[in-house]
Amino acid sequence: MLDINLIREKPEWVKEQVAKRNDNAPIDEILAGDERRRAILQEVEGLRRQRNEASKQIGQLMGPLKKLEAALARAEKEGEGETAVNDLRTQLATAEANVEAAKDAPRLIGEQIAVLDEELREVEATLRTNLSWVPNMPHESTPIGPDETYNVIHEPQGAPMPTFGFEPKPHWDLGPALGIIDFERGVKLSGSRFYVLRGWGARLQRAVIQYMLNTH
């Protein structure tokens with residue numbers, strides 16, 4: 000998967016490289032998703048700071064509330080005047096209302112964070128899917144063309160194909176005919192593009208693997 004930082008820093012270059020591969024990866028959608036993802040993270044971080052401050056404010060309000068409760072209890076016990084007691088009751092009611100309001104703030108902020116977290120999960124899932132469609136960037140020496148006919152062979156490898164007095168068969172015909180490859184069973188067992196080696200085919204593969212292990 001291509002690094003999102005490369006797409007973010009060089010979007011036009013990435014688009015050019017993708018076009019060279021005749022691909023239409025959703026670069027603009029990736030950039031939009033990345034921007035939204037970072038915006039959500041920033042917003043969530045700010046809300047968490049607000050929630051922490053709101054939680055601290057509850058503690059700050061509880062101190063005066065406890066003092067008012069103690070003062071009211073003392074005033075009622077000592078038989079202070081009705082005016083003084085009523086004044087303390089009014090102050091206490093206001094303090095209690097302030098505490099309850101302060102307690103609501105972290106809860107409401109938490110609900111906002113939960114909504115953003117859900118959106119973030121969706122944005123990140125879409126972003127991962129879009130990124131999975133971006134091919135690797137081609138090397139600067141890679142020929143540019145619509146199909147494999149534009150490939151350039153610099154150094155042919157191996158001996159030239161010998162001339163036969165018959166038409167050679169491909170391995171997908173020879174294998175089943177010799178009883179060493181079973182394509183149908185491989186597909187049934189593991190799915191498309193799988194095969195099963197049988198008999199001498201399995202022995203040959205094991206021998207080649209063992210030879211490579213012994214040699215290297």
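Per numbering that gives the first Met the number 0, the sequence shown runs over residues 0 to 215. Note that the Cβ used here is the ideal one computed from N, Cα and C, for glycine as well. Bear in mind the structure is a predicted one, so any value in this text is a computation, not a measurement.
Given 8 Å as the limit, is there contact between the stretch 71-87 and the stretch 156-168, that is, 3 or more CB pairs closer than that? no
Reference LEU64; option with closest CA among ILE179, GLY174, PRO159, ARG88: ARG88
Using DSSP with H/G/I as helix, E/B as strand and the rest coil, what is LEU196? Taken through DSSP and simplified to helix, strand or coil, LEU196 comes out as strand.
At the level of alpha carbons, what is the spacing between ARG202 and MET136? 40 Å
Under 8 Å between C-beta atoms, does LEU91 make it to chain D? No chain D appears in the structure shown, which is made up of a single protein chain.
Give me the DSSP bridge partner(s) of ILE180. LEU196
Report the option in VAL195, LEU115, LYS19, THR128 whose CA atom is closest to the CA atom of ASP146. Nearest C-alpha to ASP146: LYS19.
Buried versus exposed, by CB contacts within 10 Å (16 or more), GLY32: buried
Is GLY129 near GLU42, with beta carbons less than 8 Å apart? Contrary to the premise, residue 129 reads as Asn rather than Gly in this sequence. No.
Residue nearest to ASP22 in terms of C-alpha spacing, selected from GLU110, GLY185, PRO134, SER140: PRO134
Whose C-alpha, out of TRP171, GLU81, PRO105, is nearest the C-alpha of GLY45? Ranked by Cα distance from GLY45, the first of TRP171, GLU81, PRO105 is PRO105.
Considering only C-alpha positions, which residue in the set THR148, GLU34, LEU40 is nearest to LEU115? That would be LEU40, whose Cα lies nearest to the Cα of LEU115.
Output the distance between the C-alpha atoms of ARG36 and ALA113, rounded to the nearest integer angstrom. Here the alpha carbons of ALA113 and ARG36 stand approximately 15 Å from one another.
Please report the distance separating the alpha-carbon of ARG47 from that of PHE182. Answer to the nearest angstrom: the Cα atoms are 57 Å apart.
Euclidean distance between Cα positions of GLN59 and GLU123: 38 Å
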